[in-house]
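Engineer: Mind the numbering: the sequence shown is residues 22 to 342 in our numbering, read in order.
We put the CB at the ideal spot given by N, CA and C, even for glycine.
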Amino acid sequence: MYDLCAIGDALIDFIPAPQYTPEAPVYQCEVGGTVANLLTAGSKLGLNTLFVGKIGEDCMGRLIREKMEGHGVSMDGCVMDPLHFTTQAFVTLREDGERSFSFSRRFGADLWLQESEVPIGKVMESSMAGFSGMSMTDEPVRSATWRLLRAVYDKNIPIVLDVNYRYNLWNSEEEMIRIMRETLPYVTLYKSSEEEACLLAGSANWREAAEILAGFGCRIIIITLGEKGSFYYMNGRSGLIPSYKIEAVDTTGAGDSFFAGLLFGIKKKGGIDRIIPEDFPEILRFANAAGALAATKRGGTNGSPSLPEIREFLEKQGMIV
């Protein structure tokens, strides 16, 4: 039985190495991708996780498989593609640790997952199913994602979404809004940034956006607010949990570690079907810590913290864990 399966992207991030200069750019490669980061971070916390997706049958694909399996992620839903290369992302870091991405993806393997390659039997062994906007940008992976969503929805398996909007991977902002809104009635737990929430809701105010998104059918809304913290909305109840002050090195994967911490906290409370609004302050303090610690290290999967690291961090903040 899996605590979490997720369909989508596993890729190679090329991150500026410590010796990088504009005159002599040097990159180091790290395993990344929204879903790869989420599942790896979840496995480090003790969740049983399953990856569903496609990577290239090349040296980078083999590296992804080896690293994810090494962290405890089941790769039984992974397809190795001999025809398409493993998707790549080139990361640009600012001095404050924030980043931007340039993708080599048009013929990247993650886009080419077919409906018939989704292991529905394995997926049905999961307590939660996750996806992100990364697997909704193009066909055929979009249809493969829809197959998984409809199958688990029909079996009342909770669905969790990380919007993760990358404007340079969509044909237009309007297309993204239309397609992602179509998924919302299937979603139990929605997570996105403030900007993404306002964009999808058509609102300039993130509190109002949460109410609008709940109106689409999402039971739980989580909005990350950067330095301000994270916000929850459920059954008309809401709250803002402050973030922690840290020295950010690389925010790649920090949101994914936050999401993993969130889902881990929900599992500890008995699962997504038993969660109540009063549970979220404690859960989000833990998730905020997971995201903060991830930002103090380089790399997506490499930077996600372990459970002992998060507990030690929270104890230093004077919190009982």
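Sort D175, L182, D159, G276 by Cα distance to Y188 and report the nearest one.
Structural biologist: D159
Engineer: For I178 and M149, I'd like the C-alpha separation in whole angstroms.
Structural biologist: 6 Å
Engineer: Measure the C-alpha to C-alpha separation of L132 and G312 and round it to an integer number of angstroms.
Structural biologist: Approximately 27 Å between the Cα atoms of the pair.
Engineer: Within its chain, find whatever has a CB closer than 6 Å to the CB of M22; leave out the 5 residues flanking it on each side and keep chain order.
Structural biologist: E146
Engineer: When the Cα atoms are used, what is the spatial distance from P140 to T42?
Structural biologist: 44 Å
Engineer: Residue ranges of each alpha helix (DSSP H) run of no fewer than 4 residues wholly in the region 106-162, ordered along the chain?
Structural biologist: 141-144
Engineer: Excluding the five sequence neighbours on either side, which residues of its own chain have a C-beta within less than 6 Å of the C-beta of S214, listed in chain order?
Structural biologist: T245
Engineer: How is the alpha helix (DSSP H) around I233 delimited, first residue to last?
Structural biologist: 227-236
Engineer: From the DSSP secondary-structure annotation, give me the bridge partner or partners of S259.
Structural biologist: Y254
Engineer: Whole angstroms are fine: how far does the CA of G154 sit from the CA of I198?
Structural biologist: 10 Å
Engineer: Using a Cβ-Cβ cutoff of less than 6 Å, which residues in the same chain neighbour A218 once the five nearest sequence positions on both sides are dropped?
Structural biologist: W227, A230, I244
Engineer: For G74, list the residues DSSP reports as bridge partners.
Structural biologist: C99
Engineer: Using only alpha-carbon positions, find the residue among G91, V73, I33, L59 that is nearest to F106.
Structural biologist: The option with the nearest alpha carbon to F106 is I33.
Engineer: With distance defined between alpha-carbon atoms, name the residue in V112, T166, G238 nearest to Q135.
Structural biologist: T166
Engineer: Can you name, in chain order, every residue of its own chain whose Cβ lies under 7 Å from the Cβ of L71, other than the five neighbours on each side?
Structural biologist: Y23, C26, S95, D97, G98, K143, S147
Engineer: Would a C-beta distance cut-off of 8 Å place G77 and A130 closer than the cut-off?
Structural biologist: yes
Engineer: Helix, strand or coil: how does DSSP classify T245 here?
Structural biologist: Residue state, collapsed to three classes: strand.
Engineer: Pull up the distance between the alpha-carbon of P302 and that of E90, whole angstroms please.
Structural biologist: 32 Å
Engineer: Quick one: measure Cβ to Cβ for F334 and G63, integer angstroms, because I've assumed they're closer than 8 Å.
Structural biologist: Actually they do not touch by this definition, with Cβ atoms about 18 Å apart.
Engineer: In whole angstroms, give me the CA-to-CA distance for R168 and L182.
Structural biologist: Rounded to the nearest angstrom, the two C-alpha atoms are 15 Å apart.
Engineer: Given this structure, state the Cα-to-Cα distance separating L220 from P329, to the nearest angstrom.
Structural biologist: 37 Å
Engineer: Opposite S213 in the DSSP bridges: which residues?
Structural biologist: Looking at the DSSP output, S213 sits in a beta bridge with I244.
Engineer: Select from S259, N256, P263 the residue whose C-alpha is nearest the C-alpha of K249.
Structural biologist: It is P263.
Engineer: By Cβ distance, which residues of its chain are closer than 6 Å to L60, with the 5 residues on each side in sequence left out?
Structural biologist: A27, T70, F72, V94
Engineer: Less than 8 Å separating the beta-carbons of T204 and L170?
Structural biologist: It is a contact, given that the beta carbons lie within the stated cut-off.
Engineer: Return the CA-CA distance between A315 and G324, expressed in angstroms with no decimal places.
Structural biologist: 5 Å
Engineer: Whole angstroms is fine: what's the gap from M81's alpha carbon to V47's?
Structural biologist: 18 Å
Engineer: Tell me the rounded alpha-carbon separation between A308 and L190.
Structural biologist: 28 Å
Engineer: Return yes when the Cβ of I85 is within less than 8 Å of the Cβ of A38, no when it is not.
Structural biologist: no
Engineer: What are the boundary residues of the alpha helix (DSSP H) that includes D277?
Structural biologist: Unbroken alpha helix (DSSP H) run through D277: 275-289.
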